[in-house]
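Each residue of the sequence shown is one higher than the one before, starting from 1 at the first, in the UniProt record's numbering.
Input: a single structure, listed below in structure tokens.
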Amino acid sequence: MPRAEITIRVATPDDLDMLGRLIAASYAGLDDGSYEPERIAAALPAMSKANPVLLASGTYFVAEIDGEAAGCGGWTRQKPGSGEVVDGIAHIRHFATHPAHLRKGVAQALLQHCLREAASAGIKTMKSQSTLPAEPFYAAAGFRRIGPIEVEMGTGVMLPAVEMERALP
């Protein structure tokens, strides 16, 4: 079967509700045994929302198949959670693929698009705060594991994650 044609466009604030639904559907699949059910249930309300700041950034994207949103993701110079900016370093942000479009190359297309865009903007290192289930995806894309971290997902809700990074050309 031929691979679906994926088009990528810049997200806009008008995409907020649609991407909120896509992200919620995607992240519902994080309950794969990687996390304690209570912890993922507590984190999902905060992590399953589209971020209006990202949607207005110009570096957050929507992947579409036949005009339908299949995934989203982007990058920023600002470190998630702190807003810290370090020259030459950027951060992968809020990747999600709708369950109906898994294994079609959506996340890979988005990631490659982000890496190219960041490299063109002078970024030398891309970092990711990966969920546990997504670590193999980032590793296959050339990211190396730095180590375990905890990411705050709402007041007092901490979610285990993995800090990863890769050099850009």
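Positions of the beta carbon are idealized from the N, C-alpha and C atoms, including for glycine.
For Phe-61, write down the residues that DSSP places opposite it in a beta bridge. Within the DSSP bridge table, the entry for Phe-61 names Val-10, Gly-73 as partners.
Going by beta carbon distance, what residues of the same chain come within less than 6 Å of Lys-127, once the five residues before and after it are set aside? Within the same chain, and ignoring the five residues on either side of Lys-127 in sequence, the residues whose Cβ sits closer than 6 Å to its Cβ are His-91, Glu-165.
What whole-angstrom Cβ distance do Ala-63 and Gly-154 have, given they're in contact under 8 Å? 27 Å between Cβ atoms; not a contact.
CB Leu-54 to CB Asp-15, shorter than 7 Å? Not in contact: Leu-54 and Asp-15 (Cβ atoms no closer than 7 Å).
Specify the secondary structure class of Pro-133 as computed by DSSP and reduced to three states. If DSSP states are grouped into helix, strand and coil, Pro-133 belongs with coil.
When the Cα of Pro-109 is compared with those of Ala-96, Pro-148, Ser-120, Pro-169, which residue comes out closest? Correcting the residue type first, residue 109 is Ala in the shown sequence and not Pro. Taking the Cα of Ala-109 as reference, the smallest distance to any Cα among Ala-96, Pro-148, Ser-120, Pro-169 is reached at Ala-96.
Length of the line joining the Cα atoms of Pro-160 and Arg-145: One C-alpha to the other measures close to 14 Å.
Which residue comes first and which comes last in the beta strand (DSSP E) that contains Arg-103? Judged by DSSP secondary structure, Arg-103 falls outside any beta strand (DSSP E); it is assigned neither H nor E.
Closer than 6 Å: Glu-150 CB and nearest the ligand GDP heavy atom: The ligand GDP is not among the ligands present in this structure, which contains no ligands whatsoever.
Work out the CA separation of Val-85 and Gln-78 for me, nearest whole Å. Cα-Cα distance, rounded: 5 Å.
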